[in-house]
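Each number in the numbering used here corresponds to the 1-based position in the sequence shown with 80 added.
Built from N, CA and C at the ideal position, the CB exists for glycine as well.
This report refers to the structure that appears directly beneath it.
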Amino acid sequence: MFKFFLIPGLLIFQCYLVLAQHALTDTIELTEVTIQETSKFRPNGFKVNILENAQIENKRMGTLEEILRNESGISFKSYGAGKLASIGIRGSAASDVQVVWNGMKINSLFTGQTDFSSIPVLLADKISIVNGNTNFGLNSGAIGGSILLSSEPDFTVKFNVKLYAETGTYQNFRNGIALGGSYKKLVTKLVLYQNSADYTGLLSANGTLGGKLRNYGLIQETYTRFNKIASHSLNLWLQRSYNQLSTDEFKPEFQNEQFLRMVSNVKIRLKSSNFLWISAFNYSYLNYLAPTTAINSKNKLNTVQNTLEVNGKKGKNFAWRSGVNYDFYTAESNNFVDRTTHFILNTYSGANLNLSKAIGLYLFTNFEYAKNFSSALQPTLGFNYKINERILLKTNISQNRKTPSLNDLYWIPGGNPALLPEKGITGETGFVYDISNKNEKLSIELTGFYGKTENRIIWVPLPGGGIWSPINIEELRNSGLELAIKGKFETLGGKLETRLNLNYTNALTYNRTQLLLMGKQAIFVPKASGSHWVQFNIKDYSLWFEYSYVGKRYVTRDNSDYLPQNMLFNIGNSYRFTLKNTMFHCGFEINNLLNSYYEMIPNHPLAGRAFNIKLSLQYATK
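This is the structure in structure tokens:
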């Protein structure tokens with residue numbers, strides 16, 4: 081079945097190589113090539129965390145769950161090693177976090193969430209985390225936050241080959257190959273990857289076994305600069321997954337998924353403004369099978385997303401954006417009565433305005449209309465104040481909403497077409513203290529936040545029992561503090577990098593029908609969490625250490641039962657050397673050094689101590 085991915089990818093790759101023979105011969109300056117404008121979006125007054133390139137390269141063969149799990153404000157809920165991993169930001173639900181890939185929203189329309197254990201880091205060159213419901217037009221529904229994934233071209237490399245291989249405990253095998261290069265005004269890259277593991281050796285306290293996973297995919301990226309005015313990018317992502325969620329012979333579970341996602345991005349640069357057209361298509365198919373309970377769920381989705389935007393700037397003090405976004409979905413499921421169509425229309429407009437060297441404003445409005453739902457105006461306001469050369473004050477307030485998922489509306493039995501959209505409003509205030517010079521960098525960011533989400537959708541049993549249905553009966557109030565410290569220093573003849581994140585989150589639920597649930601901590605949301613990562617580089621050798629702490633998490637809505645706190649230690653090293661145009665990189669790491677037993681969902685164990693060997697080879701010519 082690998083031909084399903086390989087053949088179209090190679091055809092696209094070869095077609096663009098043929099087109100390259102007719103490209104114009106003008107010299108291209110790297111700084112002029114900015115295909116994906118949304119990846120550079122930093123509104124005044126908001127906390128945006130952009131991962132370092134070194135972080136991404138260290139986890140190239142990993143998943144988004146592995147690279148994001150220790151970032152500030154983020155918590156994951158995993159159903160076990162190799163199984164579904166959903167994200168939460170500042171106590172939000174998984175469906176409240178919008179994932180955007182090169183301008184395309186990739187959350188499941190059926191459940192509203194994203195499986196971060198199945199998204200490879202190979203997909204992105206830049207990863208940005210937006211905490212809170214910051215609205216910028218392409219992330220409607222992001223009540224909790226947004227994860228922005230973007231690809232960036234490199235016109236300086238003529239030919240590039242990268243080989244990745246990783247193996248270790250639990251029959252973990254990950255490998256991939258990336259081929260790419262540039263020719264005059266064209267850059268292209270083809271990536272093939274596969275990932276497999278067997279966690280059947282994991283056993284929970286009640287006898288639940290781990291599962292098996294296998295997925296493989298193809299990523300094709302092409303960037304073309306026709307002239308000084310027009311440029312185009314095309315991103316293609318195909319993936320197929322086979323997961324055995326349970327290997328228990330009495331209760332086997334299987335989940336197979338395949339999808340094709342494609343994003344076309346056209347940019348026209350005018351004298352004082354830019355025109356941007358993002359057109360995206362997504363086909364996905366998901367089959368969940370549990371033979372012993374006679375469940376055979378089949379879901380098919382076709383999505384078309386289009387965004388037209390005009391943006392520009394005047395000097396360094398004023399930048400503006402205005403556009404319209406239209407998403408259309410067609411869904412088929414044997415869990416629904418009939419094929420379902422759905423659409424969301426957004427118009428948005430906003431600006432970054434620097435009133436002086438010390439004061440910056442961000443003003444934004446988003447008007448949304450969704451099928452069968454009333455329209456809504458969602459304003460956003462951000463404010464920066466530079467107290468002095470080292471201290472920056474940031475504050476903001478924003479409003480967003482999220483329409484119910486297709487399962488919430490149409491699932492048979494129990495779906496509720498009368499549901500209202502969830503509404504969220506958040507505010508935050510923070511200080512950034514930057515102590516940096518030519519050779520050393522240190523930044524300290526302290527942020528306090530408060531948010532309220534109304535009309536939260538909760539599935540409850542209907543009178544008579546047996547059937548569950550979703551209703552708008554809950555409110556979430558989340559508040560807390562986040563401390564993030566990042567530093568780079570020169571010491572002991574090498575370079576030391578460090579990151580420290582400390583988080584305290586109060587995520588309290590208020591249920592209108594059950595007084596005993598009033599003011600209780602949201603399930604699976606730890607009040608206290610933190611992580612510390614240190615890496616020391618001396619010449620071509622690196623040694624790193626990582627520690628993470630997650631406080632106790634309640635697993636019942638009345639907070640009567642909980643999972644205990646856990647502490648994990650990871651350690652690793654790597655060595656790289658270069659021969660002519662070829663760089664070799666080898667590494668060894670131990671995850672869960674103390675072999676701690678821990679769970680994020682009761683009776684779904686996560687991996688114990690694991691040893692991994694990583695090898696990579698890169699050949700490049702400039």
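- Across the set S609, N671, L461, N124, the C-alpha of N671 shows the shortest separation from the C-alpha of G688.
- Distance from the CA atom of K242 to the CA atom of I603, rounded to whole angstroms, is 42 Å.
- For T460, the secondary structure class from DSSP, reduced to helix, strand or coil, is strand.
- Between S523 and S198, the alpha-carbon positions lie close to 32 Å from each other.
- Of the residues assessed, Q338 falls on the buried side of the cut-off, its CB having 16 or more other CB atoms within 10 angstroms.
- For Y490, there is no enclosing beta strand (DSSP E); the enclosing alpha helix (DSSP H) has its first and last residue at 486-490.
- Counting only runs of 4+ residues, no alpha helix (DSSP H) is found wholly inside the region 254-334.
- Put simply, the region 611-625 touches the region 653-665. At least three CB pairs are less than 8 Å apart.
- DSSP places E389 inside the beta strand (DSSP E), whose first and last residues are 375-394.
- In the structure shown, F126 adopts coil according to DSSP, grouped into three states.
- Along the length of the region 555-608, whole beta strand (DSSP E) runs at least 3 residues long occupy 574-591, reported in chain order.
- For F453, the three-state secondary structure derived from DSSP is coil.
- In terms of Cα proximity to L425, the closest of A245, S549, F408 is F408.
- The residues T475, G528, in chain order, have a CB closer than 6 Å to that of T509 in the same chain once the five nearest residues on each side in sequence are set aside.
- In this structure, L659 lies away from F616, with their beta-carbon atoms at least 7 Å apart.
- In its chain, beyond the 5 residues on either side, no residue has a beta carbon closer than 7 Å to the beta carbon of S454.
- Rounded to the nearest angstrom, the gap between the Cα atoms of L202 and N275 is 12 Å.
- Nearest to K139 by alpha-carbon distance, out of E669, Y677, Y699, is E669.
- Taking the Cα positions, E137 is about 10 Å away from A204.
- T483 has no beta-bridge partner at all, per DSSP.
- When F156, S208, K394 are compared, the shortest CA-CA separation from T194 is found for F156.
- Beyond the five residues adjoining it in sequence on each side, G171 comes within less than 6 Å, by CB distance, of N558, T585, A587, A602, V605 in the same chain, given in chain order.
- Between the alpha carbons of L582 and L259 lies a gap of roughly 39 Å.
- When DSSP states are grouped into helix, strand and coil, Q698 belongs to the strand group.
- Between the region 412-432 and the region 486-495, the count of C-beta pairs closer than 8 Å reaches three or more; the two stretches touch.
- DSSP places A431 inside the beta strand (DSSP E), whose first and last residues are 420-434.
- Across the set K347, T280, N354, S364, the C-alpha of S364 shows the shortest separation from the C-alpha of S321.
- In this structure, the beta-carbon distance from G183 to I358 falls below 7 Å.
- The Cβ atoms of N391 and R401 sit closer than 7 Å to each other.
- At a Cβ-Cβ threshold of 7 Å, F235 and G261 do not count as neighbours.
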